[in-house]
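A.B. asks: For the sequence shown, this note's numbering begins at 192 and goes up steadily by one. The beta-carbon is built from N, C-alpha and C at its ideal position, and this holds for glycine as well.
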Amino acid sequence: MLKSLVSKLSEPQLCISCHSEVKPDFTKAFHHKVLEGMMKCSDCHNPHGGFELKQTRLATGGDAACLKCHADKQGPFTFEHAPLKTEGCSACHTPHGSSNPRLLKFSSVNQLCLTCHSVDHGVGADEPAGPTHNQNAQYASCTNCHIKIHGSRSSAVFFR
192 MLKSLVSKLS EPQLCISCHS EVKPDFTKAF HHKVLEGMMK CSDCHNPHGG FELKQTRLAT
252 GGDAACLKCH ADKQGPFTFE HAPLKTEGCS ACHTPHGSSN PRLLKFSSVN QLCLTCHSVD
312 HGVGADEPAG PTHNQNAQYA SCTNCHIKIH GSRSSAVFFR
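1. Are the CB atoms of residue 294 and residue 285 within a distance shorter than 9 angstroms?
2. Where residue 205 and residue 220 are concerned, what is the direct C-alpha to C-alpha distance, given to the nearest angstrom?
3. State the DSSP-derived secondary structure class of residue 270, mapped to helix, strand or coil.
4. If we call anything under 9 angstroms between Cβ atoms a contact, is residue 281 one with residue 222?
5. Does the beta-carbon of residue 349 have 16 or more other beta-carbons within 10 angstroms, so that it is buried, or is it exposed?
6. Give the single residue among 257, 340, 202, 269 whose Cα lies nearest to the Cα of residue 300.
7. Just the C-alpha distance for residue 225 and residue 200, rounded to the nearest angstrom, thanks.
8. Check this for me: beta carbons of residue 261 and residue 213, under 9 angstroms apart or not?
9. Measuring only between beta-carbons, confirm whether residue 309 sits less than 9 angstroms from chain B.
10. Look up residue 295 in the DSSP assignment and give the residues it is bridged to.
11. Using alpha carbons as the reference points, say which of 215, 216, 207 lies closest to residue 233.
12. Reducing DSSP to helix, strand and coil, say where residue 217 ends up.
13. Which partner residues does residue 345 have in the DSSP bridge list?
This is the structure in structure tokens:
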């Protein structure tokens, strides 16, 4: 019975037959193209199990599954955005699908930034302050200036 089921279903169909909770994510406006056949679940997950969270294909201390396709977001950077070291890509992005561009967790980039940069954590993630951030419309979006949000080789505040 199981063998006939496995042979009749595509890999995503087979995975979703047990992991049905992720199927709605793949129908959101922005998603990895699994149901369209451009990716497979096993591109990111180990179907035979493992000790990694969600059985993802992660290298020790990194997001190897993500960086396989998104290598341009990987350093080495002289200045690296701290969440990449601690939480990895999932600090800001959802892995399967999102209603927001770039699979971001929030619709507003500022809202995403302010989840960490709204209080002093003692790790350099202070809240935006001073006249630069509060007076001019060009500073309305964090990424107008802080464009290298994954990391930078030349700017500790990710300007370039």
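C.D. replies: Let me spell this out:
1. Against a cut-off of 9 angstroms, the Cβ pair of residue 294 and residue 285 comes out as a contact.
2. Annotation: residue 205 to residue 220 spans about 23 angstroms, alpha carbon to alpha carbon.
3. strand
4. Taking 9 angstroms as the Cβ cut-off, residue 281 and residue 222 do not qualify as a contacting pair.
5. Buried, because 16 or more other Cβ atoms sit within 10 Å of the Cβ of residue 349.
6. 340
7. 14 angstroms
8. no
9. In summary, chain B is missing from the structure at hand, where a single protein chain is found.
10. 284
11. 207
12. helix
13. For residue 345, which the question treats as bridged, DSSP gives no partner whatsoever.
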